[in-house]
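Just below is one structure, and these are the notes that go with it.
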Amino acid sequence: MARTGLYLLGLLSITQALPASYQSAVVKRGVEELLPEYDFIVVGGGTAGLTVADRLSEDPKKTVLVIEYGRVAVDDSFMPPFNTPAAEFLYNLTSVPQPNANNRVFPVPNGAVVGGGAAVNGQIFFRGSKEDHDNWSLLGNPGWDWDSVFPYYKKSHSFNPPPRHIQDEYGMTFDLSAYGNSTPIYMSMPGYQYPGQKYEWKAWSERDGIVVQKEHGNGKAYGMIWIPSSYDPSRAYNRSFGGLGHYQYVQPRPNYHLLPLHRGLKINFEKQGLTQKAVSVQVKPRFGGGATFDIKAKREIILSASATRTPVILQLSGVGPKKVVEEAGIESLIDLPGVGWNLQDHSHTVSLYNFTKDVWPTPTTIHTNATFRAEALAEYNANNTGPFTSPTISGGLLLPARSFTGSHFASLGLQLGLQAGHKYHLPDDLDPTLVAGYILQHKILLKSFLSDKSALFEHPFQGSPRGTSILLKPFSRGSVNINPKDPFGDPIFDYRLLSNPIDLEIHVRMQQYIRNHFATSQTLSALGPVELVPGKDRAIDAEVKKWLVDEENLNASNGHSCGTASMMPRLLGGVVDPDLKVYGTSHLSIADTSIIPLLVGAHTMSTAYMIGERAADLIKSRHEEMSAS
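The opening residue of the sequence shown carries number 706 in the numbering used here; numbering runs sequentially from there.
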């Protein structure tokens, strides 16, 4: 069937959406020009997916196609002062009601744009600790310990230190040996700081039990750290993301094709002995009602559609829990119970304060004072300096449990140790392999809870009176599965928020710790802090729990979903092996945050880039070996 007629409308919308800088790169690789077969097909043009595609297409003899549901982003949407991407760059997806959170329905943040989550997130760009990654290795994943992944973290970006005057004035520190400088994904320290940051940094550094790190990126992501952002100072502090660094900047490459505004629906297989060989991807235009079509892959198909979508594609392909797949009327090819299970995310909440004697300006001044905003915009337009170059966050606490739980530390540890008697608060009908996998995860998480070098609690700050608290290592586990009544519609996304009650206990301890800090800090007292929310009438733990749950102040996601196609042994509910190959298949791998078996104590953008870099090397290596043989 001729493709041109089928996709004329889709091609027109793609072309109209493109910035001028993309026109030659994408339009001549429009859908009517697709090759009948590619060496590699990457399903999902997000943070990890574009990294993989860039690296694989470095060999001009290998053809690479990226299939992406979203469109190419318009440059102005990602530049200060606008730097808040439109809702069109996100999936419109919500969770099922959460019974442990007042039956609330939560949004599921997920990028739907070329560049993925890194194109729409808060640009917070730091990595987890050595212990976080060594824990992956303990789950049966050789080659994913800290020493193995650290070079890939360094390879994934180029680092820009802060200006000298910012270093001197704010005491900002870093260690260049923790960073790279060879990839056009830019990790930068801030060029502007609000004066309140000095007070916050000093106040936290005065508290007992907080280690002030010179540099977190060398495996020491615990204590108090300076946090880089995904800004490119050489481009007027524009957002740096894969749509630029791993696509636009590496063009022209005639072997690297991008097909935006199309959805990769499922993988087609051919039976080969005891395995299923992935041979092609079924694709459908996002707009225009065009028919589906198949694109063949000669060497390998790489799923990189996010922790939200990758398990859905697998299940639609007949790979996943047999019961889930067959209830949707799909032939079960490989019974793989872990597909869609082990969902983790960083739940969080925010308490609010007022500084009655605040220093000026504050991060909100740019929104409330028209004169200040106009002056800041003029400075930015003239020199690319000033408040419009300030990141969302530039400092933060990453605290081990002992540092913030105080006298509750021992009792919380005891509660965790006794959870075996409650079957770990898992679903009653959970597959035995998934139970076995979680028991090992729980054992490792308990070890991390007791460790002084593994962060459980994040409190980011930027010179404003906000008490943000983020649970970095949740014990609850959720799932994402296709809807048996509408398999190709929105999936059933269940955070199972607070299904393990220890998560709520930790949230209470985090908020009580922050409240105590604002109330007792000598340094902050100079700013006259007054608690607004939760409010002094909610002093005891029971009232804080009510504020979190009944009054709906707890958020299920920080946009860091992971784990739904976990890298673990198959007998522990894993979906991919340490080479990222899907169990029971050949020529099929996964490279996105769905493979993360245990959520790291950091925002996941940096980890997604690392996964893409490591995946590319693994894929190159096995196909070089195949060619040699």
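Ideal Cβ positions, reconstructed from N, Cα and C, are used throughout, including at glycine.
* Asked: In the structure shown, what three-state DSSP assignment does Leu1103 receive?
  -> The residue you call residue 1103 lines up with position 398 of the sequence shown. Correct three-state label for Leu1103: strand.
* To do: Mind the definition here: the region 1140–1159 touches the region 1187–1197 only if three or more C-beta pairs lie below 8 Å; say whether that holds.
  => The region 1140–1159 vs the region 1187–1197: no contact.
* Asked: Between the Cα of Lys1152 and the Cα atoms of Glu836, Ser1262 and Glu737, which residue gives the shortest distance?
  -> Here residue 1152 refers to the residue found at position 447 when the sequence shown is read from its first residue. When each option's Cα is compared against that of Lys1152, the closest is Glu836.
* Are the Cβ atoms of Gln1167 and Gln872 separated by less than 9 Å? -> Taking the sequence shown and counting its residues from 1, the one referred to as residue 1167 is at position 462. Taking the sequence shown and counting its residues from 1, the one referred to as residue 872 is at position 167. Result no, Cβ atoms of Gln1167 and Gln872 do not sit closer than 9 Å.
* Cut-off 8 Å between Cβ atoms - residues of its own chain near Lys766, not counting five sequence neighbours on either side -> Start at 1 with the first residue of the sequence shown, and residue 766 comes out as number 61. Close CB contacts of Lys766 within its chain, under the 8 Å cut and outside five residues either way in sequence, are with Asn960 (chain order).
* **Status (buried if at least 16 other CB within 10 Å, exposed otherwise) for Glu1318** => Here residue 1318 corresponds to residue number 613 of the sequence shown, with the count starting at 1. Around the beta carbon of Glu1318, 16 or more other beta carbons lie within 10 angstroms, which makes this residue buried.
* **Chain-order list of residues whose beta-carbon lies under 7 Å from that of Pro1096 (same chain, five-residue window excluded)** => Counted from its first residue, the sequence shown places residue 1096 at position 391. For Pro1096, where only same-chain residues beyond five positions count, the Cβ hits under 7 Å are Gln828, Pro895, Ser934 and Tyr936.
* **Ordered list of beta strand (DSSP E) runs contained in the region 1282–1314, each at least 3 residues** => List check, beta strand (DSSP E) in window: 1293–1295.
* **Coil, strand or helix - Thr799 by DSSP** => What you label residue 799 is simply residue 94 of the sequence shown in a count that begins at 1. Three-state DSSP puts Thr799 in a strand.
* Run of the beta strand (DSSP E) containing Leu963, from where it starts to where it stops -> Here the question's residue 963 lines up with position 258 in the sequence shown. Tyr961 to Leu964 is the extent of the beta strand (DSSP E) around Leu963.
* So who's on the other strand from Asn1186, going by DSSP bridges? -> Within the sequence shown, the letter at position 481 stands for residue 1186. Answer by DSSP bridge pairing, in chain order: Ile1197.
* Per the contact definition of three or more C-beta pairs closer than 8 Å, is the region 1025–1044 in contact with the region 1181–1190? -> Short answer: they touch.
* **Cross-strand partners of Ala983 (DSSP beta bridge)** => Taking the first residue of the sequence shown as position 1, residue 983 is located at position 278. BP columns for Ala983 point to Phe974.
* To do: Please confirm whether Val1305 and Ile1295 have their CB atoms less than 9 Å apart.
  => Here residue 1305 is taken as the residue at index 600 of the sequence shown, counted from 1. Here residue 1295 is taken as the residue at index 590 of the sequence shown, counted from 1. Between Val1305 and Ile1295, the C-beta gap is not smaller than 9 Å, which leaves the two residues out of contact.
* Report the rounded CA-to-CA distance for Gly969 versus Ser1009, giving the unit in angstroms. => Residue mapping note: residue 969 aligns to position 264 of the sequence shown, counting from 1. Residue mapping note: residue 1009 aligns to position 304 of the sequence shown, counting from 1. Distance between the alpha carbons of Gly969 and Ser1009: 10 Å.
* Asked: Which word fits Lys1241, buried or exposed, when buried means at least 16 other C-beta atoms lie within 10 angstroms of its C-beta?
  -> Working through the sequence shown from its first residue, we reach residue 1241 at position 536. It is exposed - the Cβ of Lys1241 has fewer than 16 other Cβ atoms within 10 Å.
* Kindly give me the distance between the Cβ atoms of Phe998 and Ala824, rounded to whole angstroms, as I take these residues to be in contact under 8 Å. => As a first step, residue 998 must be located in the sequence shown, where it is residue number 293. As a first step, residue 824 must be located in the sequence shown, where it is residue number 119. About 27 Å; that fails the 8 Å criterion.
* Exposed unless 16 or more other CB atoms sit within 10 angstroms - verdict on Gln803 -> Translated into positions along the sequence shown, residue 803 becomes position 98. Counting Cβ neighbours within 10 Å, Gln803 comes out buried, since at least 16 surround it.
* Tell me whether Ser893 is buried or exposed, calling it buried when 16 or more other Cβ atoms sit within 10 Å of its Cβ. => If you number the sequence shown from 1, residue 893 lands on position 188. Ser893 should be labelled buried.
* **C-alpha distance - Gly833 paired with Asp880, whole-angstrom precision** => Residue mapping note: residue 833 aligns to position 128 of the sequence shown, counting from 1. Residue mapping note: residue 880 aligns to position 175 of the sequence shown, counting from 1. Answer to the nearest angstrom: the Cα atoms are 16 Å apart.
* **When Pro1302, Asn865 and Glu920 are compared against Leu1103, the one with the closest alpha-carbon** => In the sequence shown, the residue the question calls residue 1103 occupies position 398. Of the candidates Pro1302, Asn865 and Glu920, the one whose C-alpha sits nearest the C-alpha of Leu1103 is Glu920.
* Tell me which same chain residues have a C-beta within less than 6 Å of the C-beta of Glu1236, skipping the five on either side of it? -> Counting from 1 along the sequence shown, the entry for residue 1236 is found at position 531. Within the same chain, Glu1236 has close Cβ partners Tyr1058.
* State the beta-bridge partners of Trp1046 as determined by DSSP. => The residue labelled residue 1046 in the question sits at position 341 within the sequence shown. Per DSSP, Ser1184.
* In whole angstroms, what separates the C-alpha of Glu874 from that of Thr1070? -> Taking the first residue of the sequence shown as position 1, residue 874 is located at position 169. Taking the first residue of the sequence shown as position 1, residue 1070 is located at position 365. Each residue's Cα considered, the two are about 21 Å apart.
* Asked: Per DSSP, what kind of secondary structure is Trp931 in: helix, strand or coil?
  -> Here residue 931 refers to the residue found at position 226 when the sequence shown is read from its first residue. When DSSP states are grouped into helix, strand and coil, Trp931 belongs to the strand group.
* Asked: Assuming Arg760 contacts Ala1321 under a Cβ cut-off of 8 Å, what Cβ separation, rounded to an integer in Å, is found between them?
  -> Translated into the one-based positions of the sequence shown, residue 760 becomes position 55. Translated into the one-based positions of the sequence shown, residue 1321 becomes position 616. Rounded to whole angstroms, the Cβ separation of Arg760 and Ala1321 is 3 Å, and the two are in contact under 8 Å.
* **Sheet register partners of Pro900 (DSSP bridge)** => Start at 1 with the first residue of the sequence shown, and residue 900 comes out as number 195. In the DSSP output, where bridge partners are listed per residue, Pro900 has none listed.
* Cross-strand partners of Pro1234 (DSSP beta bridge) -> For the purposes of this step, residue 1234 is identified with residue 529 of the sequence shown, where counting begins at 1. Partner(s): Phe1060.
* Residue span of the alpha helix (DSSP H) that contains Lys1251, given as start and end -> Working through the sequence shown from its first residue, we reach residue 1251 at position 546. From DSSP, the alpha helix (DSSP H) with Lys1251 extends over Asp1246 to Leu1253.
* Asked: How far does the beta strand (DSSP E) with Thr1173 in it reach, from first residue to last?
  -> For the purposes of this step, residue 1173 is taken as residue 468 along the sequence shown, with counting starting at 1. In the DSSP assignment, Thr1173 falls within the unbroken beta strand (DSSP E) covering Arg1171 to Leu1176.
* Inter-stretch contact (C-beta, 8 Å, three-pair minimum) for the region 1202–1209 and the region 1122–1136 -> With the cut-off at 8 Å, the region 1202–1209 and the region 1122–1136 touch.
* Pick helix, strand or coil for Leu1259, following the three-state DSSP scheme. => If you number the sequence shown from 1, residue 1259 lands on position 554. Coil, per DSSP.
* Run through DSSP, which three-state label would Arg1220 get? -> Indexing the sequence shown from 1 puts residue 1220 at position 515. Arg1220: helix per DSSP, three-state reduction.
* Asked: In terms of residue numbering, what span does the alpha helix (DSSP H) encompassing Asn1088 cover?
  -> As a first step, residue 1088 is located in the sequence shown; it is residue number 383 there, counting from the start. Here the alpha helix (DSSP H) through Asn1088 covers Ala1075 to Asn1088.
* Contact set for Asp744: own chain, Cβ-Cβ below 6 Å, skip 5 residues either direction -> As a first step, residue 744 must be located in the sequence shown, where it is residue number 39. Lys767, Thr768, Lys1003 and Arg1004, listed in sequence order.
* Could you round the C-beta distance between Val986 and Ile1006 to whole angstroms and report it? I think they count as a contact, below 8 Å. => The residue you call residue 986 lines up with position 281 of the sequence shown. The residue you call residue 1006 lines up with position 301 of the sequence shown. Yes, they are in contact, since the Cβ atoms of Val986 and Ile1006 sit about 6 Å apart, within 8 Å.
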